[in-house]
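Beneath this line is the structure, given in structure tokens, with notes to follow.
2 protein chains.
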Amino acid sequence: MAERWATLGIDLHLEPTGPGLRRGLTDALREAVRSGRLAPGTRLPSSRALAADLGIARNTVADAYADLVAEGWLTARQGSGTRVATGAPATPARQREPGTVPPAGTAVRTHARARGRPAYDLRPGTPDLASFPRAEWLRAARRALAAAPYHALDYGDPRGRPELRAALAGYLSRARGVRADPERIVVCAGFAHALRLLGTVLRARGARTVAVESYGLDVHRDLLTDAGLATTPLPFDALGTDPAGLSGADAVLLTPAHQFPMGVPLHRDRRTAVLDRARRTGALVLEDDYDGEFRYDRQPVGALQGLDPDRVAYLGTASKSLAPGLRLAWAVLPRDLAGEVAAAKGGIDTCGALDQLTLAEFLTSGAYDRHVRAARLRYRRRRDALVAAVAARAPQARITGIAAGLHVLLRLPPGSEQSVVQAANWRGLALHGLARYRNPAARVEPLDALVVGYGTPPDHAWTGALDALCAALPG
Amino acid sequence: MAERWATLGIDLHLEPTGPGLRRGLTDALREAVRSGRLAPGTRLPSSRALAADLGIARNTVADAYADLVAEGWLTARQGSGTRVATGAPATPARQREPGTVPPAGTAVRTHARARGRPAYDLRPGTPDLASFPRAEWLRAARRALAAAPYHALDYGDPRGRPELRAALAGYLSRARGVRADPERIVVCAGFAHALRLLGTVLRARGARTVAVESYGLDVHRDLLTDAGLATTPLPFDALGTDPAGLSGADAVLLTPAHQFPMGVPLHRDRRTAVLDRARRTGALVLEDDYDGEFRYDRQPVGALQGLDPDRVAYLGTASKSLAPGLRLAWAVLPRDLAGEVAAAKGGIDTCGALDQLTLAEFLTSGAYDRHVRAARLRYRRRRDALVAAVAARAPQARITGIAAGLHVLLRLPPGSEQSVVQAANWRGLALHGLARYRNPAARVEPLDALVVGYGTPPDHAWTGALDALCAALPG
């Protein structure tokens, strides 16, 4: 039954604007009754449960239910909840008998496709946005705005609000071992913004080449290329990225705590080797610490920056721990770079002051820690379910990189990656193969694998997504 | 008395972070008593009044008062309010007798200077930030966040949230006569961001030169120069900017509704001439509508864009109507440009989703209109007070550009601009002369004048700022 509601939940995910949300929900429920997907007599989830499921306000659901009761599609009775009316206005028709459950995902997929979003999504790179702590965030916003002096709303320091830089310095030092002085922090509108600024500054300093990992995001390489820099891939082996090829590069972009997408931490010998080589060649290390908050089975891997703050530019983000929509990231920079990166922002702050003040309050009040702890538990449960389901239903597949982060690498039999991704797509499951993350210039053996972002789906779609994944895997 | 509190208010403006605000306020009040600036027996403003004056939460003031009562610096008695204790812990000393009022602004100035902000500020470019509608904004944020689907917190459309673009299209069409299709709107992190993006796109299209006004902001010209474009000034006369010199330019940057800083609208013949010439030469008009909301004595001047949406890029901002700290502006672009400008943002939205959703809700709920109406009344009263005070106390000065906006031009006797600005600075009043807004390449007669931003001070500092201005003017 839970799964059925999950399906219902997804089917109702329209692209609603504020006032259109209630109408969209009403239309979708009405259509579900009319088409027979919701059989007469079916009990609907409580407005509270469906609202939580959909990540919307309870009132919106209650209002939609009330509209449909008024229209005769639903009935509401004390003690019996809200049910589909037995004599609903328009009798169901179409392809199916009323009361039968459609094949999992069928209607959903069609519907979602029409709106450009997949029914299920296990692509990496996004946390579960339905669990964004809306109420806590609003409370922090209220406190932050009450405490802020009026000039906090003026044009700001291009490095970002001092309240946020101070809060980040404390947090990063405590949680990630970063040596963070607020003067050396620059708040940016996301990791991509920070990388673009750093690329511009490095190029202006005369840099020509940035070494990158054999596996990574093409958009990051493109940002560097757009800044006028060439990228060159470093070798990758069982210990992680090998800095042997670093000579000749002016900088190196790494994900040391949790290689993206391979999921392994940089081996401790390699950590030392990277810094040694960078010191010898004068290269700057760009440390992408995108999901450093999420560790499950092992000791946290501290930031590389803590070992050499004048050689490493540390880059963190709220996109994985909270939501990409906040557009908030931070760079902790060697002293001489901080001013140049701030100047490259155009001399004024580019991030909204209110969100910055709110995040500062969120950090200093402990709400951030509480949120990360809760999210860590939730993601860990999902990861355990994923590992168990794959072991049971697709024993040929092998999962690696499970100790941290919001994604795993699911290794497949040779030659099967593309067909598995296709099979998943046909089931309404958006999925990424490893191929798209392989730097085309890298000399690494092709490896068939999926990069499974188990953090992505909202709770109500998680089980369905996992089922669709297992069904697509070779048995 | 009112002025004395105003002085107190300014003196208390520290740079507090959230939890530090109460302590900062307590320290400042204690110091004011210790130094004798607050004489024994002096009645303090109510916590409500001081909180409003300082733009902070009432509880913060009440808590600070309570701390100081507990410490014996203040006394609180039902019916008699909060007063400075007669036997305060440390007896006042320093240079002044206890109980005397310091020369207006003296202590304030020193204090503020040490913290890098002037006691009084009549520089143009910022609205009264203390009147930012905090409570209404938070209410809108709560409604917006309750209504938003969870995927509104994901990486977004580089043009900005659809809710905000739809709301802006409605508002700009109604209030500014802009022909605005949401598909052609790109939300940006402030006007400077929008201008920088447009500069980049124009340069990539092969543009070389942008015509600018004889008077304007150097930072805007610099943004264009940074994008690789040359700027060339257009003549300026009694009808405003003369587009005669437009040939040869690929684009022209104008403030047609309210020339900045001269304060006049572009004459209607010139409006037509600009568009005629732009059509003939293929130039793009960049319309900077920075304060289009604020009209007092005349019919609103509609946006030029309404006359030729395929020839004009309209640029608006929340920086004057709400606050620069929001970092929200919007470009309404010719169809072919919208995609290119969005791509120049790096393919992802650069503005926080929550602020965008909140502004959308603020616009559609009518809160924006209410706020602008109230602000317009307040600024109009200030403008009337300014005109009256200058007429009474500095009859030699002549004020122009009073019909709209948040600043006026105050014409001075020839040769006196620099000395007046200096005299004002010595009184703790930050003030800008016209000279800094004159394009060095422009062939215009030097004109001695002040650009007085009467919108800038918070209410509690307005009277003091006006007094300081009048005192600095030649009598």
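Chains as they are written, first to last, in the working numbering: chain A, 19 to 493; chain B, 19 to 493.
Note that CB positions come from ideal geometry on N, CA and C, so glycine has one too.
From a predicted model like this one, the values you see are computed outputs, not experimental measurements.
> Does DSSP classify H450 of chain B as helix, strand or coil?
Replying inline: Strand.
> On the three-state DSSP scale, how would you describe L346 of chain A?
Replying inline: coil
> Near P151 of chain A, which residues of its chain fall below 6 Å by C-beta distance, leaving aside the five closest residues on each side in sequence?
Replying inline: H389
> What is the DSSP secondary structure of L340 of chain A, counted as helix, strand or coil?
Replying inline: coil
> Would you call the CB atoms of V196 of chain B and V350 of chain B closer than 8 Å?
Replying inline: yes
> Do the CB positions of T289 of chain A and L257 of chain A come within less than 8 Å of each other?
Replying inline: Note on identity: in this sequence residue 289 of chain A is Arg, with Thr being the wrong assignment. No, these two residues do not count as a Cβ contact at 8 Å.
> Which residues in the same chain as V405 of chain A place their Cβ atom closer than 6 Å to its Cβ, once the five residues preceding and following it in sequence are excluded?
Replying inline: I417
>> Checking 8 Å against the spacing of the C-beta atoms, do V270 of chain B and A362 of chain B come in under that value?
In response: no
> Who are the neighbours of G188 of chain B on chain A, taking C-beta pairs under 8 Å?
Replying inline: Here the premise fails: no neighbours, minimum Cβ distance about 12 Å.
> Hey, how far is the Cα of A421 of chain A from the Cα of V230 of chain A?
Replying inline: 23 Å
>> Run through chain A and tell me which residues come within less than 8 Å of L156 of chain B, C-beta to C-beta.
In response: L156, A159, R160, L163
> In whole angstroms, what separates the C-alpha of F209 of chain B from that of Y308 of chain B?
Replying inline: Between the C-alpha atoms of F209 of chain B and Y308 of chain B there is a straight-line separation of about 8 Å.
> T251 of chain A bridges to which residues according to DSSP?
Replying inline: It is Pro, not Thr, that sits at residue 251 of chain A in the sequence shown. P251 of chain A is bridged to A:V230.
>> Against I203 of chain B, what residues of chain A qualify as contacts under a CB-to-CB distance less than 9 Å, listed in chain order?
In response: Correct list: empty, because the minimum Cβ distance to chain A is about 14 Å.
> So, are the CB atoms of V426 of chain A and G281 of chain A less than 8 Å apart?
Replying inline: yes
> Quick one, are the C-beta atoms of A80 of chain B and V87 of chain B less than 8 Å apart?
Replying inline: Result no, Cβ atoms of A80 of chain B and V87 of chain B do not sit closer than 8 Å.
>> Just to confirm, is the Cβ distance from V359 of chain A to L215 of chain A under 8 Å?
In response: yes
>> With a threshold of 8 Å between beta carbons, is L381 of chain A in contact with chain B?
In response: By this cut-off, L381 of chain A is not an interface position.
>> Whole angstroms are fine: how far does the CA of L182 of chain A sit from the CA of A164 of chain A?
In response: 16 Å
> By Cβ distance below 6 Å, which residues in the same chain neighbour V462 of chain A in space, the five residues on each side in sequence not counted?
Replying inline: S232, F254
> What are the complete alpha helix (DSSP H) segments, minimum 4 residues, inside the stretch 387-472 of chain B?
Replying inline: 435-444
> Among all the DSSP beta bridges, which residues are the ones paired with E305 of chain A?
Replying inline: A:L272, A:Y332
>> Less than 6 Å between C-beta atoms, sequence neighbours within five positions excluded: which residues of the same chain meet that for T100 of chain B?
In response: L62, Y83, L92, A94
> Any idea what DSSP makes of R131 of chain A, helix, strand or coil?
Replying inline: Any answer about R131 of chain A is weak, because its pLDDT of 30 lies below 50 and its placement is not dependable; what the coordinates show is given next. Helix at R131 of chain A.
>> Run through the DSSP bridge pairs and tell me what A94 of chain B is partnered with.
In response: B:T100
> Nearest chain A C-beta to A132 of chain B closer than 8 Å, yes or no?
Replying inline: With a pLDDT of only 32 at A132 of chain B, under the threshold of 50, the placement of this residue in the model should not be trusted; the figure read from the coordinates follows. Output row for A132 of chain B: interface = no.
> If you drop the 5 nearest sequence neighbours on each side, which residues of the same chain put their C-beta closer than 7 Å to that of G246 of chain B?
Replying inline: R221
> Between the stretch 375-383 of chain B and the stretch 152-160 of chain B, do three or more beta carbon pairs fall short of 8 Å?
Replying inline: yes
>> Taking a contact to mean a Cβ-Cβ separation below 8 Å, would you say Y189 of chain B touches A448 of chain B in this structure?
In response: Using a Cβ distance threshold of 8 Å, Y189 of chain B and A448 of chain B do not count as a contacting pair.
> Is R141 of chain B helix, strand or coil by DSSP?
Replying inline: coil
> Which of the residues in the stretch 319-348 of chain A, read from start to end, lie with their CB under 9 Å from any CB of chain B?
Replying inline: S337, L340, A341, P342, G343, L344, R345, L346
>> Checking 8 Å against the spacing of the C-beta atoms, do A291 of chain B and P261 of chain B come in under that value?
In response: yes
> Opposite T259 of chain A in the DSSP bridges: which residues?
Replying inline: A:F254
> How many Å lie between T118 of chain B and R48 of chain B at the Cα?
Replying inline: Residue placement at T118 of chain B is flagged as unreliable, the pLDDT there being 31, under the threshold of 50; a coordinate-derived value is accordingly withheld.
> What is the rounded straight-line gap between the Cα of P283 of chain A and the Cα of P145 of chain B?
Replying inline: 50 Å
>> Quick test of your reading: T273 of chain A and D306 of chain A, contact by CB under 8 Å. State the CB separation rounded to the nearest angstrom.
In response: 5 Å
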